Amino acid sequence: MNDVKKFVAQWSGGGYEKGETHSFWLSFLREVLRVSEPEKFIRFEVPVKLKHTSFIDAFLPDTKVIIEQKSLTENLSQEKSQSDGSNLTPYE
Numbered sequence: 029m030n031d032v033k034k035f036v037a038q039w040s041g042g043g044y045e046k047g048e049t050h051s052f053w054l055s056f057l058r059e060v061l062r063v064s065e066p067e068k069f070i071r072f073e074v075p076v077k078l079k080h081t082s083f084i085d086a087f088l089p090d091t092k093v094i095i096e097q098k099s100l101t102e103n104l105s106q107e108k109s110q111s112d113g114s115n116l117t118p119y120e
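What follows is the structure, given as structure tokens:
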């Protein structure tokens, strides 16, 4: 549990999506989940082709987990236009 508390203390107040996504997830996988070489299990900025090319912030291919990182100040209840033209909140 100390590892979780250290992680939370380290990242409290952080939340800059573009500048901290890689560090945050690599740190989480290594320090909290104890993945010894997390860079082997996560990919960042994975291109997705729709009508245009968009990017998944982080992807864990072995478990098919897609991560859409948001900044700390992002309103998670507000719908935003998506790459397919739909309007969704980050939770949808």
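With this note's numbering as the guide, the letters of the sequence shown map in order to residues 29 to 120.
In this text, a Cβ means the ideal position worked out from N, Cα and C, and glycines have one as well.
Only a predicted model underlies this, so the values are computations on that prediction, with no experimental measurement involved.
Straight-line Cα distance separating residue j from residue i
{"i": "residue 94", "j": "residue 40", "result": "23 Å"}
{"i": "residue 74", "j": "residue 84", "result": "5 Å"}
{"i": "residue 33", "j": "residue 78", "result": "40 Å"}
{"i": "residue 37", "j": "residue 80", "result": "39 Å"}
{"i": "residue 112", "j": "residue 96", "result": "15 Å"}
{"i": "residue 29", "j": "residue 90", "result": "26 Å"}
{"i": "residue 102", "j": "residue 92", "result": "25 Å"}
Own chain partners of residue i with C-beta closer than 8 Å, once the 5 adjacent residues on each side are dropped
{"i": "residue 109", "result": "115"}
{"i": "residue 70", "result": "53, 54, 57, 86, 87 and 88"}
Beta-carbon contacts of residue i that lie in its chain and below 6 Å, excluding the five residues immediately before and after
{"i": "residue 42", "result": "48"}
{"i": "residue 66", "result": "54, 57 and 58"}
Those residues which DSSP pairs with residue i across a bridge
{"i": "residue 74", "result": "84"}
{"i": "residue 115", "result": "109"}
{"i": "residue 93", "result": "88"}
Whole-number beta carbon distance between residue j and residue i, since they are thought to touch under 8 Å
{"i": "residue 60", "j": "residue 31", "result": "6 Å"}
{"i": "residue 50", "j": "residue 35", "result": "Their Cβ separation, rounded to whole angstroms, is 15 Å, which puts residue 50 and residue 35 out of contact at 8 Å."}
Cβ-based neighbour list, residue i, same chain, cut-off 7 Å, excluding 5 preceding and 5 following
{"i": "residue 76", "result": "82, 83 and 84"}
{"i": "residue 107", "result": "115, 116 and 117"}
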